[in-house]
Amino acid sequence: MSPETCELSLLEIYHAMRNKISKQFFEEAKTVLVGGVNSPVRSFNGVGADPLVMKYGKGSQLFDYDGNAYTDYCLSWGSLIFGHAHRNVVLAAKNTVQKGSSFGTTTRQEIDIAKFIVENVPSIEQIRFVNSGTEATMSALRLARGFTKRSLVIKFDGCYHGHVDDLLTTAGSGVATLKESSSLGIPQGHIDNTISLPYNDSALAAATIEKYKNQIAAVILEPVAGNMGVIPADPGFLKILRELTSKHQIVLIFDEIMTGFRAGLGGAQSECGIIPDLTCLGKIIGGGFPVGAYGGRKDIMQCLAPLGGVYQAGTFSGNPVVMRSGLATLQLMNKDVYRTLNERCRQFVERLNQHYKEKQLPVHLSVYHSMMSVRFSDHPVKNYTDAKKAAGGDRYRKLFWHLIDQGIYWPPADLEAFFVSAMHTKKDLLRLEEALKGFAW
Ligand SMILES: Cc1ncc(COP(=O)(O)O)c(C=O)c1O
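Sequential numbering of the sequence shown, starting at 229, is according to the working numbering.
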């Protein structure tokens with residue numbers, strides 16, 4: 229039975245049959261895990277069906293419990309730049325864990341990966357490892373506040389920095405007035421301390437910084453937004469943020485948790501030439517294990533305990549298994565690997581966008597090297613308002629299942645980016661291209 233020729237209800241039956249074990253497991257999961265998941269986006273709410281329960285991965289491939297294989301373009305939300313279970317990473321983890329999994333002391337593994345990152349990421353003179361991206365941004369904010377002795381934080385609508393109280397705030401409309409949080413449970417004080425502005429709006433950012441300059445501790449942003457689809461910041465926008473934060477001794481924080489080591493060893497900052505005061509990292513640097521890190525100017529970093537008065541600690545921070553697996557991943561990434569991966573992605577995007585143009589379809593891919601998103605619009609997307617307008621809604625749901633039917637695993641939410649790893653072959657990308665061309669836009 230070909231799924232394309234079926235009515236939706238038949239298609240649903242087809243999916244239910246094909247994903248029978250996933251469904252059983254998910255029903256069981258719901259009895260003990262909230263909503264059956266440990267992170268909301270995994271629930272498939274955005275694509276209107278029960279999630280697939282995955283069993284194992286190898287290279288670019290992911291396998292569910294029903295025995296279905298998928299080429300994976302979610303890659304643990306951008307963490308796996310070398311795909312699943314790369315031999316070097318598995319060996320690094322195995323060799324480390326058999327000598328003990330955690331000591332709660334300084335280890336050689338932390339020093340080695342710290343040196344690698346300090347050598348490669350322009351803004352980072354010293355670094356502190358934590359256990360998640362959320363912990364990194366939360367701690368970087370505290371550090372910025374401790375350093376500047378100020379409270380306000382500027383962020384940008386549609387940028388996601390983890391589930392930090394202060395950073396779940398978005399602007400209702402315009403500046404500082406009508407602010408609201410994206411979550412219940414955030415005390416008013418946190419909401420009041422955050423100003424959320426439209427991404428890429430240099431004039432508004434400049435006016436706001438000038439207005440509140442003596443109260444602002446930090447400006448935080450993704451230099452390439454990856455959580456409202458992919459939107460690279462305009463060079464002029466980054467330049468003005470750098471100029472004004474320097475002028476008013478405000479800490480500029482780049483959240484490179486998604487972009488760090490994605491397109492090159494130096495992160496997005498080395499490409500745009502704007503060097504922030506602090507940088508947050510995560511995802512790729514853990515080699516597929518839980519991780520986060522923040523680092524930057526030595527004078528700011530040294531305000532952290534034990535040297536300074538800003539307290540931040542962690543039982544598992546800098547865990548040796550994570551550090552060794554992360555370093556094994558980073559050591560696989562050299563200039564040639566990045567060149568091949570980035571060029572492969574560039575050609576893929578060019579071919580598809582050309583196709584959409586020729587067919588006059590209101591769709592395009594927006595891209596930052598091997599990080600991409602589908603836009604259901606032929607207009608460029610510059611900020612969160614544009615991103616919401618270019619979202620597919622029910623068409624995204626249909627696209628998701630169309631791809632699943634072709635053995636392609638894709639982020640189960642409209643505004644998420646999809647990723648290509650160094651293990652994806654030209655053939656994998658050609659298959660994706662055909663599948664995307666074959667969708668009834
Ligand atoms: C840019 C960015 N910052 C922060 C985070 C939060 O990281 P974590 O999920 O590890 O807490 C994410 C997660 O997707 C992210 O994309």
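In this text, a Cβ means the ideal position worked out from N, Cα and C, and glycines have one as well.
1. Among the residues of its own chain, which have a CB less than 7 Å from the CB of His597, if the five just before and after it don't count?
2. Quick one: using the 10 Å Cβ neighbour count with 16 as the cut-off for buried, is Thr507 buried or exposed?
3. List the residues that DSSP assigns as beta-bridge partners of Thr397.
4. Of all the options His652, Ile478, Pro426, which has the alpha carbon lying nearest to the alpha carbon of Lys441?
5. Any heavy atom of ligand 1 within a distance shorter than 7 Å of the CB on Ser360?
6. Measuring CA to CA, which of Ile241, Ser237, Ser288 is closest to Ile659?
7. Quick check: the Cα distance between Phe465 and Glu484, rounded to an integer number of angstroms?
8. Give me whichever residues DSSP pairs with Gln289 in a beta bridge.
9. Under three-state DSSP, which class holds Asp278?
10. For Asp622, is the classification buried or exposed, using 16 other Cβ atoms within 10 angstroms of its Cβ as the cut-off for buried?
11. Looking at the unbroken beta strand (DSSP E) that takes in Asp483, where does it start and where does it end?
12. According to DSSP, is Thr507 part of a helix, a strand, or is it coil?
13. Given a threshold of 16 other Cβ atoms within 10 Å of its Cβ, counted over all protein chains shown, does Leu412 qualify as buried or as exposed?
14. With contact counted as at least three CB pairs below 8 Å, one residue from each stretch, are the segment 548 to 555 and the segment 379 to 398 in contact?
15. From Gly263 to Pro534, what does the alpha carbon distance come to, in whole angstroms?
16. Out of Leu432, Gly488, Lys475, Pro460, which has the shortest C-alpha to C-alpha gap to Leu593?
17. Which residues mark the beginning and the end of the alpha helix (DSSP H) in which Gly185 is found?
18. Do you know offhand how far Arg603's Cα is from His314's?
19. On the DSSP bridge list, what partners appear for Ala446?
20. Kindly list the residues whose CB is nearer than 7 Å to the CB of Leu308, restricted to its own chain and excluding five residues on each side of it in sequence; keep chain order.
21. Counting Cβ pairs closer than 8 Å, one from the segment 267 to 281 and one from the segment 637 to 648, do we hit at least three?
22. Can you tell me whether DSSP reads Phe647 as helix, strand or coil?
23. Under 8 Å: do the segment 352 to 361 and the segment 573 to 591 share three or more Cβ pairs, one atom per stretch?
By the coordinates alone:
1. Arg490, Ala491, Asn570, Cys573
2. With 16 or more other CB atoms across the displayed protein chains lying within 10 angstroms of its CB, Thr507 is buried.
3. Ser409
4. Ile478
5. Because some heavy atom of ligand 1 lies under 7 Å away, the Cβ of Ser360 counts as near it: yes.
6. The sequence given here has Arg at residue 659, not Ile. Ranking Ile241, Ser237, Ser288 by Cα distance to Arg659 puts Ser288 first.
7. A straight-line Cα-Cα distance of about 17 Å links Phe465 and Glu484.
8. Lys286, Thr299
9. The three-state reading of DSSP puts Asp278 in coil, since its state is none of H, G, I, E or B.
10. exposed
11. Here the beta strand (DSSP E) through Asp483 covers 479 to 483.
12. strand
13. exposed
14. no
15. 40 Å
16. Among Leu432, Gly488, Lys475, Pro460, the Cα nearest to that of Leu593 is on Pro460.
17. Residue 185 is absent from the model: the chain starts at 229 and stops at 669.
18. Taking the straight line from one Cα to the other gives about 32 Å.
19. Val381, Val479
20. Gly516, Ser649
21. yes
22. strand
23. no
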